[in-house]
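**Student:** FYI, our numbering numbers position 241 of the sequence shown as 1211, with every residue one higher than the one before it. Ideal Cβ placement from N, Cα and C applies to all residues, glycine included. Quantities reported herein were computed from a predicted structural model and do not represent experimental measurements.
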Amino acid sequence: MKKEMQNTAPPRRRFLKQTLSLIPIAAVGGSLNPLVAQAATTKSEGVSADYVPTFFNQEEWQFVLAAIGRLIPEDEYGPGGVSEGVPVFIDKQMELPYGHGHLWYMQGPFASAEPELGYQSSLVPRDTWRRGIAAVNAHCRKQQNKAFAELSAAQQDDLLHQLEGGKLTFDSVDGKLFFTQMLENAKEGYFADPLHGGNQTLASWKLIGFPGARADYQQVMDNPGKPYPLGPVSISGKRSV
971 MKKEMQNTAP PRRRFLKQTL SLIPIAAVGG SLNPLVAQAA TTKSEGVSAD
1021 YVPTFFNQEE WQFVLAAIGR LIPEDEYGPG GVSEGVPVFI DKQMELPYGH
1071 GHLWYMQGPF ASAEPELGYQ SSLVPRDTWR RGIAAVNAHC RKQQNKAFAE
1121 LSAAQQDDLL HQLEGGKLTF DSVDGKLFFT QMLENAKEGY FADPLHGGNQ
1171 TLASWKLIGF PGARADYQQV MDNPGKPYPL GPVSISGKRS V
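See the structure below:
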């Protein structure tokens, strides 16, 4: 959703090019638009009709499915974020110390500052998600009489662009902060080890040539520029198909 993504390069390739440096260490009912509904029913260990979110309620879950479906859509380069289990990764992440903000110094004073100075908000990730979803859905209902998940893909994209550009904000949460939270967690889930919920078919690792937990990878690092000949392996031993 970055502004520079509006050029002519393939969307998924642009997204991955911007994200190569972010390989994380470990950190449905209702009315969904057709793209999200199709992805949500894709056979995958990551998102299934039987999955019950532990943090998000049902309305919030529909929002997450819809938003991730637009941030990382399925295309000719591979499956999208929903079918790869990114929403599951985020849901689990919100119940970990990260989601509660236990990994950061969260004492005041809180003030606006340059990004280089670190996270400045008084909201922990789970609060940013919860307040952001509620505020966006309220805005959508006021403007369109529909929740975010019920809007068309084009309408959802437009709203996400407004959040990213700081053109849409709320009393309970800064719109740009909410967009940044969503995008960062989407990236983390898409490139995570499947053990943590996302990247269930190792699609992102295959796309960028990342070998995962292969023990022999160190042996080929003396040959830069040559593609690694074997497919990726997860921490649990899961292999790509």
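1. What's the C-alpha gap between N1027 and A1124?
2. Taking the straight line between their C-alpha atoms, what separation do you get for P1023 and L1035?
3. With 16 as the cutoff for other CB atoms within 10 Å, does E1158 come out buried or exposed?
4. Helix, strand or coil for D1045, going by three-state DSSP, please let me know.
5. Span of the alpha helix (DSSP H) holding P1057?
6. Provide the residue span of the alpha helix (DSSP H) that contains V1143, from first to last.
7. Is it the case that the region 1173-1180 contacts the region 1137-1148, given that we only count it when at least three CB pairs across the two stretches are under 8 Å?
8. Look up V1094 in the DSSP assignment and say whether it is helix, strand or coil.
9. Within 10 angstroms of its Cβ, does H1166 collect 16 or more other Cβ (buried), or is it exposed?
10. Any idea what DSSP makes of G1102, helix, strand or coil?
11. Would you tell me roughly how many angstroms separate the C-alpha atoms of Q1063 and G1069, rounded to the nearest one?
12. Answer yes or no: do V1056 and T1098 have a C-beta to C-beta separation smaller than 8 Å?
13. Looking only at DSSP bridge pairs, what is V1203 linked to?
14. Taking Cβ to Cβ, would you say Y1160 is nearer than 8 Å to G1051?
15. Could you check whether the Cβ of K1196 sits closer than 7 Å to any heavy atom belonging to the ligand FAD?
16. For a quick check, are the C-beta atoms of A1162 and E1029 less than 8 Å apart?
17. Output the distance between the C-alpha atoms of R1209 and P1164, rounded to the nearest integer angstrom.
18. What's the gap between the Cα of L1200 and the Cα of R1184?
19. Taking the alpha helix (DSSP H) that H1131 belongs to, which residues open and close that run?
20. Among the residues of its own chain, which have a CB less than 7 Å from the CB of A1105, if the five just before and after it don't count?
21. For P1194, name the three-state secondary structure that DSSP assigns.
22. I think P1061 touches F1025, with their Cβ atoms under 8 Å apart; what is that distance to the nearest whole Å?
23. Closer than 8 Å by C-beta to K1196: which residues in its own chain qualify, once you throw out the five before and the five after it? Chain order, please.
**Tutor:** Based on what the coordinates show:
1. Against the sequence shown, residue 1027 aligns to sequence position 57. Against the sequence shown, residue 1124 aligns to sequence position 154. When rounded, the distance between both Cα atoms is 25 Å.
2. Along the sequence shown, read from residue 1 onward, the residue named residue 1023 stands at position 53. Along the sequence shown, read from residue 1 onward, the residue named residue 1035 stands at position 65. So the alpha carbons of these two residues sit roughly 11 Å apart.
3. Residue numbering aside, residue 1158 sits at position 188 when the sequence shown is read from its first letter. It counts as buried.
4. Indexing the sequence shown from 1 puts residue 1045 at position 75. In the structure shown, D1045 falls within a strand segment according to DSSP collapsed to helix, strand and coil.
5. Here residue 1057 refers to the residue found at position 87 when the sequence shown is read from its first residue. It spans 1056-1063 - the alpha helix (DSSP H) in which P1057 sits, taken as one unbroken run.
6. Residue 1143 sits at position 173 when you count from the first residue of the sequence shown. Taken as a continuous stretch (DSSP letters only), V1143 belongs to no alpha helix (DSSP H), as it is neither H nor E.
7. With the cut-off at 8 Å, the region 1137-1148 and the region 1173-1180 do not touch.
8. Position 124 of the sequence shown holds residue 1094. Note: V1094 maps to coil in three-state DSSP.
9. Sequence index remark: in the sequence shown, residue 1166 carries index 196 (1-based). Per the 10 Å Cβ criterion, buried.
10. Taking the sequence shown and counting its residues from 1, the one referred to as residue 1102 is at position 132. G1102: helix per DSSP, three-state reduction.
11. If you number the sequence shown from 1, residue 1063 lands on position 93. If you number the sequence shown from 1, residue 1069 lands on position 99. Approximately 6 Å between the Cα atoms of the pair.
12. Translated into positions along the sequence shown, residue 1056 becomes position 86. Translated into positions along the sequence shown, residue 1098 becomes position 128. Not closer than 8 Å, so no.
13. Position 233 of the sequence shown, counted from the first residue, corresponds to residue 1203. Beta-bridge pairing by DSSP links V1203 to G1182, R1209.
14. By 1-based counting over the sequence shown, the position of residue 1160 is 190. By 1-based counting over the sequence shown, the position of residue 1051 is 81. Between Y1160 and G1051, the C-beta gap is smaller than 8 Å, which places the two residues in contact.
15. No copy of the ligand FAD occurs in the structure displayed, which carries no ligand at all.
16. In the sequence shown, residue 1162 corresponds to position 192, counting from 1. In the sequence shown, residue 1029 corresponds to position 59, counting from 1. No, the Cβ-Cβ distance between A1162 and E1029 is not below 8 Å.
17. The residue you call residue 1209 lines up with position 239 of the sequence shown. The residue you call residue 1164 lines up with position 194 of the sequence shown. If I take the Cα positions, the gap works out to 10 Å.
18. Taking the first residue of the sequence shown as 1, we reach residue 1200 at position 230. Taking the first residue of the sequence shown as 1, we reach residue 1184 at position 214. Spanning the two alpha carbons is a distance of roughly 9 Å.
19. For this step, residue 1131 is matched to residue 161 along the sequence shown. Counting along the chain, the alpha helix (DSSP H) containing H1131 begins and ends at 1123-1134.
20. Here residue 1105 refers to the residue found at position 135 when the sequence shown is read from its first residue. Closer than 7 Å at the Cβ level, and outside the excluded window around A1105, lie F1140, S1142, V1143.
21. By one-based count along the sequence shown, residue 1194 stands at place 224. Correct three-state label for P1194: coil.
22. Within the sequence shown, residue 1061 is the residue found at index 91, counting from 1. Within the sequence shown, residue 1025 is the residue found at index 55, counting from 1. A small correction: the amino acid at residue 1061 is Asp; Pro does not occupy that position in the sequence shown. Sure, about 5 Å apart at Cβ, within 8 Å.
23. As a first step, residue 1196 is located in the sequence shown; it is residue number 226 there, counting from the start. Answer for K1196: V1190, listed in chain order.
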